[in-house]
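Residue 7 in the UniProt record's numbering sits at position 7 of the sequence shown, and the numbers go up by one each step. All C-beta atoms in this analysis are idealised placements derived from N, C-alpha and C, irrespective of residue type, glycine included. These figures come from a predicted structure and were not determined experimentally.
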Amino acid sequence: MAVIELGLVHSGGGEEADDPPRRPPGRRDLRRVLVAAVTALCVLTVTGSARPDPRGLPQLWSIAYEQGTGAFMLNGDSVYVLTQPGADQLAAYDLRTGAKRWSRPSPDEASWLSEIAAGALLLPAGMATAEYQEADGSTVTRDLSRDTAAVDAATGRQLWRQAGELITVAGDRALLGEWNADGDEITTFRVVRVRDGGTVWSRPGRDVDSWVIDTAVGATRDRLVTLTAGGRAEVVDLADGSLLTTGNLPDVPQPRQQDDYTAMTLDGRQLYLDRSRDGRMTVTAFDTETLRQLWQTARAAPGGIYGCGPVVCVTGPDGTEGRDRRTGRPRWRIPGAANAFPLRNGLLLVDDDETGARHRLVDSATGRQIADLGTAAPVWDFRLDGTPYVLAHPRTPGDLMLISRVDQRTGETLLRGTIPAVQDFGCQSKDALVVCATRDSRLTVTDVG
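Rendered as structure tokens:
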């Protein structure tokens, strides 16, 4: 998928830099988790799930944390927290005990954590704001990072800082893009080693208007495809920077009105060109190794296309459909569904409408519904394994939320207990531990096993 994002990484903030983990007396409530489960609120009409009385789940530890002023990320047995009030700080905590492993000054103005790979934590640095005009006359304002910094995940020591914004990580290498002075054009693509920042290869942007890498779940990430405003495409091998093929893609129109656009999506060895013009959307599939056209389909705009495991998802005003990747033939269709987010294990998390207020879990190969999550919100897992937890508000409004577990094969659900109310998209999980930014300005870790 060409970008993203649900952005679901983050949250941030804190109090004093050395605020010690706080252990509440006895059992307490906490946070929420990722992909799957139910609400006692109305959701899941699944077969006879047991519903124990909601109980407070054991909170392992917590620290002061202000949503919106920083970020946190889980990796292995650690929680990495960026920025706390009064001090720009990056710190690592033991996931289960809350013991602080290290803390260091963070790179200037960094407000999120990009990625962890090869034992290094990658962060944006040299933040700037770009403002420029698109071809349709609209003005675009966006934040960008001029540099990328790498910090040793075990010690917090800065390993390197390089010019270029992080585009993606593939194994032990990172792809960076260097912007021009106006921030509206990439001048250089460069791949560096994550551990030492050494350059593996670099190549000029050559009037690149847009680019794409494969960001789908479990993607190999071994191709970079660039496209000029005139429709000239290049396919680059990320391993060594060699040019695999080049050619002109047919009919790449310039936008004539604000809702017109041209976008690319890379999914495995297939490139999808999505063109919207005058209220109609045309999707064309190409083979990346030859740029040969494979198939084409059209439907009403707005919409989009992205990889959904064994199928490619095409969305439009009337719903989402899964199409055969090689032939483009429809395999299934979900009327009214606005988005489908691919997870591992052949699952999709589907939003029922544009508001994203209701969700369901669907088999990506067949479109079969596995569980109706109702208004329950999934807890995020960066491995996208489909960790089976969701959060919901109880029938009686209060400062607690319900957390449940769902069996992804049968849709059967089990209420696990209650946790303190959390911020939207404020939780991440690893196995049975959930880390959440709560509404009372704490970052909490709860055992929901």
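Query raised in the report: If you draw a straight line from the alpha carbon of Asp152 to that of Arg190, how long is it in whole angstroms?
Result: Looking at the two C-alpha atoms, the distance is approximately 21 Å.
Query - Helix, strand or coil at Glu178 [DSSP, three-state] - result: DSSP places Glu178 in the strand class (E or B) of the three-state scheme.
Query raised in the report: Opposite Leu443 in the DSSP bridges: which residues?
Result: Ile63, Ala437.
Requested in this report: Could you check how far apart the C-beta atoms of Thr148 and Ala125 are, in whole angstroms? I think they sit under 8 Å.
Outcome: The pair is a contact, with the Cβ atoms about 6 Å apart (cut-off 8 Å).
Query raised in the report: Within this structure, are the beta carbons of Val200 and Ala174 separated by less than 7 Å?
Result: No, these two residues do not count as a Cβ contact at 7 Å.
**Report entry** Segments assigned beta strand (DSSP E), at least 3 residues, entirely inside the region 291 to 332
**Finding:** Inside the region 291 to 332, DSSP marks whole beta strand (DSSP E) runs of 3 or more residues at positions 293 to 300, 304 to 308, 311 to 316, 319 to 324, from first to last along the chain.
Query raised in the report: If you run the structure through DSSP and keep just helix, strand and coil, what is Arg368?
Result: Note: Arg368 maps to coil in three-state DSSP.
Query raised in the report: Hey, out of Ala377, Gln89, Met73, Gly171, whose CA is closest to Ser114's CA?
Result: Minimum Cα distance to Ser114 is reached at Met73.
Requested in this report: Going by CA-CA distance only, name the one from Gln369, Gly205, Gly183 that's closest to Arg409.
Outcome: Nearest of Gln369, Gly205, Gly183 to Arg409, Cα basis: Gln369.
Requested in this report: Determine, using beta carbons only, whether Glu178 and Gly164 come nearer to each other than 7 Å.
Outcome: Here Glu178 is near Gly164, since their CB atoms are less than 7 Å apart.
Query raised in the report: Is Gly70 near Leu82, with beta carbons less than 7 Å apart?
Result: For Gly70 and Leu82, yes; Cβs fall inside 7 Å.
Query raised in the report: Would Val422 pass as a contact of Val434 if the rule is Cβ separation under 7 Å?
Result: For the 7 Å CB-CB criterion, Val422 and Val434 do not form a contact.
Query - Neighbourhood of Pro107 by C-beta distance below 6 Å, restricted to the same chain and skipping five residues each side - result: Within the same chain, and ignoring the five residues on either side of Pro107 in sequence, the residues whose Cβ sits closer than 6 Å to its Cβ are Leu123, Ala125, Ala149.
Query raised in the report: Given Gly197, which residues of its chain have a CB within under 8 Å of its CB, disregarding the five upstream and five downstream residues?
Result: If we look at Gly197 and ignore the five residues flanking it on each side, its Cβ neighbours are Ala150, Leu159, Trp160, Arg161, Gln162.
Query raised in the report: Relative to the alpha-carbon of Trp211, which residue among Gly336, Leu294, Thr188 has its alpha-carbon at the smallest distance?
Result: Answer by Cα proximity: Thr188.
Query raised in the report: From which residue to which residue does the beta strand (DSSP E) around Ala233 run?
Result: Where Ala233 is concerned, the enclosing beta strand (DSSP E) stretches over 232 to 237.
Report task. Can you check DSSP and say which residues form a bridge with Met378? Result -> The sequence given here places Pro at residue 378; Met does not occur at that position. The partner list for Pro378 (beta bridge, DSSP) reads Val390.
Requested in this report: Taking only the alpha-carbon atoms, compute the straight-line gap between Gly307 and Arg325 and give it to the nearest angstrom.
Outcome: Cα to Cα, Gly307 sits roughly 9 Å from Arg325.
Requested in this report: Report yes if the C-beta distance between Arg275 and Thr262 is below 7 Å; otherwise report no.
Outcome: Result yes, Cβ atoms of Arg275 and Thr262 sit closer than 7 Å.
Query raised in the report: Pro204: buried (16+ other C-beta within 10 angstroms of its C-beta) or exposed?
Result: Exposed is the call here.
Query raised in the report: Given Ala229, which residues of its chain have a CB within under 6 Å of its CB, disregarding the five upstream and five downstream residues?
Result: The residues are Asp209.
Query raised in the report: Taking the alpha-carbon positions, what's the Thr327 to Gln270 distance?
Result: Annotation: Thr327 to Gln270 spans about 12 Å, alpha carbon to alpha carbon.
Query - Integer Cβ distance of Thr284 from Leu273, believed to fall under 8 Å - result: Yes, they are in contact, since the Cβ atoms of Thr284 and Leu273 sit about 5 Å apart, within 8 Å.
Report task. Could you give the DSSP three-state label for Pro107: helix, strand or coil? Result -> In this structure, Pro107 counts as coil in the three-state DSSP scheme.
Query raised in the report: Cα-Cα, which of Asp278, Val225, Gly218, Arg232 is closest to Asn345?
Result: Closest in alpha carbon position to Asn345, among Asp278, Val225, Gly218, Arg232, is Gly218.
Query raised in the report: CA-CA distance, Ala128 and Thr446?
Result: Each residue's Cα considered, the two are about 37 Å apart.
Query raised in the report: Do you know how far the Cα of Tyr389 is from the Cα of Ser429?
Result: Rounded to whole angstroms, Ser429 to Tyr389 spans 9 Å at the Cα level.
Query - Cutoff 7 Å; reference Asp94; Cβ partners in own chain excluding five residues on either side - result: Excluding residues up to 5 positions away in sequence, Asp77, Ser78, Arg101 lie with their Cβ nearer than 7 Å to the Cβ of Asp94 in the same chain.
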